[in-house]
RNA sequence: GCGGAUGUGGCGAAAUUGGCAGACGCACCAGACUUAGGAUCUGGCGCCGUGAGGCGUGUAGGUUCGACCCCUAUCAUCCGCACCA
């Protein structure tokens, strides 16, 4: 009877399915254990051998815990919303829902083959309305909550509103700041829009107008962690900064708690470190420096080193800093403007690529050192970021390398405050130096001086302690289709949440996936869905355009003329400037009835930046395009024509747009027939006064990929609940995820977001724990091991006759020996060619070794690893794969074609992926599972190598033969086990249990092999030994274990068997083979009774002839005896 | 530059508290069985050396009776962050 893994595995997989063996109950007398895998994004490429590594590890652990008597929750699902499906839809026209469904089916069948113990009745899909109903609901919880700075936790926004309405928001001391502080009466007098504007500053999910990472190619904004080196993480498209209205999660409010929580979870140091770096907490001080000359306000800087204040030689502020214009002196104005132009011209990517370049410009202004009155020049420079701290720094060149470089570059004198610690060659950021040249801080050690300096600054009222974070609030909206729609309706410029009973807000079906107008997502194209039907619909474009219908050169002109005009105008459209974008952002969302702004809409061949046809109002933003005389004449002609035809024009400068948007909106509003401003601050509107003028509109962006994954571990607990996202009693039972397994790539994205959501839910009392994952295990990446063939190219190829142009591939060894040669003649290669073509050899022999560069080159071509056995190429398979090489000739070494190799990321495009299905078909799931574990420690990255899988397969067959012989059939028996056999068993129990518990699955597999080898040697086929061994094996190789368990006539499933209990008595030995070292070097071993005492052992050791030989008749200097370990004789 | 991790045979790796370095497996070599072998079994397998023996865990030191393991310095590779004041 042979080990027929195909039949066995199929049989048991079906059996487990039919019997719902892996179904888990939410109530049990057993202790609970929650093992979770990071759920996959179902990509079209399917699984490769790298994906299941973590799943196998967690599956083993889940099964192990089950055998050890736990009620184990081990679910699986799909993170099925996301960009790739949508990109694919754009390319192929297939609906994301369709491709996602298909991909999930592929994943599922691949997963099923490996024999995982998931409870599939709990499957979740983030793109399922039944699931995202609760994602939307949770978003509303975030929207309806704020972070209370006193209690350091989330609370309902209603509490805050109540406080504002009854007590207002007044400062504890000092004068109230307009815009920040208000009384209850003032609050109650505010319009909804005004109140909302204030509340948006506190909500945990809020919308704001700010700088975002805009990716033109993807047509969406991205979160900071989705941007890598200035390009998008997915696809590698350029990313630029853009001002847009976006939704955000206030994750910064949780910065400290996210840091603190790391102390209470079992994550790797690397993982914790990554999160800490991302949060980037730093402690320091904000210091106000007066500007020399008086009028200007103070310059606020942030520093972590207030102790170095006497070493400040200059100030640097960000080019975007609001004070730049104000403090720049007349004589420096030109220089500064030149520099600002330069800065603006540089893309994010250029800045990143040229970090080392030192640039900057002096403003002409001086700040004053508050302690010694020293005049400090104020510079602007790119290296100071507007978004961090106060956007201004005090530069201490003797202590900071960047400041040092800057000072050197611009020849700014450097003050030394740290004596000999500063060598004049480079900065020294020490905190240990004793301060000099530092006024009242002289003689103090720097780290002690920090506190003293801050105290003094606080006392003087010009500084205070301040903690800063590098982390920003997380962008939460995407201009995409395939994501959760926001349960939000915009009305009168105010975001209104949907009622809970209206959830889920389902994603409407679309047929095209192109972006909506002007940076909006595809949803904006579905007007039926976007504009709410029970309210006045927006006029159609035709109606809106009616006002312009009678214009000469417009729609009433004859068709051909109109078309030509339009074509000409369209051809001259320009890429909008940053300012125009900002303007557009400001007007486009104002769905003002009978007043819609169009952008670069042609009118009689002119292209105004913006036009409202209904009101015949043109808005021009000065982009600086009209510089030539010709253009100016054109402008004049245009204005004349427009004026004659009843158009009015209003112009804004770029500076107005960027710096004074409220004023712009005010002016714009006045220019419209309403005669009022469009709003007060930014784009917040006087909603109530405008009531009826605005069309309610759904939010058209969708939530990002991490929305659904931030809470999925909770839904698994209670997946079918239609009343709530997860019943509190259920989440109290399952509580935290005990073991979370996944890759490191989610270190700062998903893991931070889900930790934050968990904390919010905890604060709101919806769950009972505030860290989602108790222990995190990161599986290593399985890299691909790519294979190459070497194609020989003769530069004189065209001179060769056709039949001599056959492609020639040379084996790796030949390549290595010849790759550095330029000329074939005289090389080993030359001689080898004789073997495959005497004609070619003769031809080459006629070539001189002069007259042309390089008579040959060698191309490396990737070859599919599946055609390579180790390093040896399967020539026939290769020829079939690349038909253009069907006639190719091969130069062998030792009769084989050996490929070159390189370790790199596993990916389809590199032809180095290995599909688990192939291996499962060939060796079976059990072999595959054990081999993946046997490769090495799970958390380590390693290249995949299929070769070794044979060894594991042989092991399973050898195990099988302990039960059944190919010829004799059944060989297992009911005989009584011997001590030696019991010793093997219990040694194995101990090892397997310990290794499994500590995730050392690779050594556990070794232990199984040793055990089977030993039992084979002992000719042990006894059920007494084999039965417990099968239980040990179940987590690793569940199919064969179940089959043999049943073959042994055991009752029930091995999955429900009791885990064997280790008994140390079987391992007790009377004698031990002691290693005997001479001077620490092992020379021999001696069998000595384990209970022998030191004196006795010493006697035995000294009597040993090997020891005698090494002693050469001398007495030993010393004898070290460690009981049950070793003996060391020092000579 | 900062932070984290890893360096051990031809290869993947093991060594649980400082105590026999290389378990287990791959590859390879020799042999047995066989019509055959990409099946199975037996033996060998760190390097140098015929041998005794010497050397050996990235490199250089140190602590120790004894170091892959602890300490110091240094090099290399991988991962993460990167003008964060």
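Numbering (this note's numbering), first residue to last: 154 to 1284.
Cβ coordinates follow ideal geometry from the N, Cα and C atoms, glycine included.
Treat the numbers as computed from the prediction; the structure is a model and nothing was measured.
Counting only residues of its own chain and dropping the five nearest sequence neighbours on each side, residue 662 has a CB closer than 8 Å to the CB of 248.
Linking residue 188 to residue 232 through their CA atoms gives a straight-line distance of about 18 Å. Within the DSSP bridge table, the entry for residue 1014 names 942 as partners.
Residue 297 places its beta carbon 7 Å or farther from that of residue 314. Put simply, of 1019, 600 and 622 the residue whose alpha carbon is nearest the alpha carbon of residue 202 is 1019. Secondary structure within the region 168 to 226: the alpha helix (DSSP H) runs of 4 or more consecutive residues, fully enclosed, are 205 to 220 (chain order). Taking a C-beta distance under 7 Å as the contact criterion, residue 1021 and residue 942 do not qualify as a contact pair. Taking a 10 Å sphere around the C-beta of residue 554, we find fewer than 16 other C-beta atoms and assign the residue as exposed.
Taking residue 921 as the centre and dropping the five residues before and after it, the same chain places the C-beta of 881, 884, 885, 888 and 915 closer than 8 Å to its C-beta, in chain order. Excluding its 5 nearest sequence neighbours in each direction, residue 279 has C-beta neighbours in its own chain below 6 Å: 232, 233, 234 and 861, listed in chain order. Straight across, the Cα-Cα distance linking residue 364 with residue 586 is about 41 Å. The beta carbons of residue 989 and residue 1042 sit closer together than 7 Å. Runs of the alpha helix (DSSP H) spanning 4 or more residues and lying entirely within the region 1094 to 1170 occur at 1102 to 1116, 1132 to 1150 and 1154 to 1170, in chain order. DSSP, read as helix, strand or coil, puts residue 626 in coil.
Annotated as distal: residue 514 and residue 541, with beta-carbon spacing of 7 Å or more.
Rounded to whole angstroms, residue 940 and residue 1055 show a C-alpha spacing of 7 Å. Shown here, residue 613 sits in a helix according to DSSP, grouped into three states.
With fewer than 16 other CB atoms across the displayed protein chains lying within 10 angstroms of its CB, residue 680 is exposed. For residue 635, the three-state secondary structure derived from DSSP is coil.
Taking the Cβ atoms as the reference, residue 464 lies roughly 12 Å from residue 583, outside the contact range of under 8 Å. Pairing residue 1281 with residue 1242, the inter-Cα distance amounts to about 17 Å.
In the three-state DSSP reduction, residue 1192 falls in the helix class (H, G or I). Cβ-Cβ distances below 8 Å link residue 1025 to 1049, 1050, 1051 and 1052 in the same chain, with the five nearest sequence neighbours on each side left out; the list follows chain order. The three-state secondary structure of residue 652, taken from DSSP, is coil. With contacts defined as CB atoms closer than 7 Å, residue 603 and residue 466 fail to qualify as a contacting pair. Looking only at 817, 816, 810 and 769, the smallest Cα-Cα distance to residue 794 is reached by 769. Ranked by Cα distance from residue 470, the options 531, 727, 1161 and 258 are led by 531. Taken atom to atom, the span from the alpha-carbon of residue 677 to that of residue 669 is near 5 Å.
Within the same chain, and ignoring the five residues on either side of residue 402 in sequence, the residues whose Cβ sits closer than 6 Å to its Cβ are 358, 627 and 629. Counting along the chain, residue 399 sits inside the beta strand (DSSP E) bounded by residues 393 to 402. By the C-beta criterion, the region 418 to 434 is judged to be in contact with the region 608 to 624, since at least 3 inter-stretch pairs fall below 8 Å. A direct Cα-to-Cα measurement between residue 193 and residue 238 gives close to 13 Å. For residue 415, no beta strand (DSSP E) segment is defined, and its DSSP state is neither H nor E.
For residue 244, the enclosing alpha helix (DSSP H) has its first and last residue at 236 to 245. The three-state secondary structure of residue 1036, taken from DSSP, is helix.
For residue 957, same chain residues with a beta-carbon under 8 Å away, outside a window of 5 residues either side, are 990, 992, 993 and 996 in chain order.
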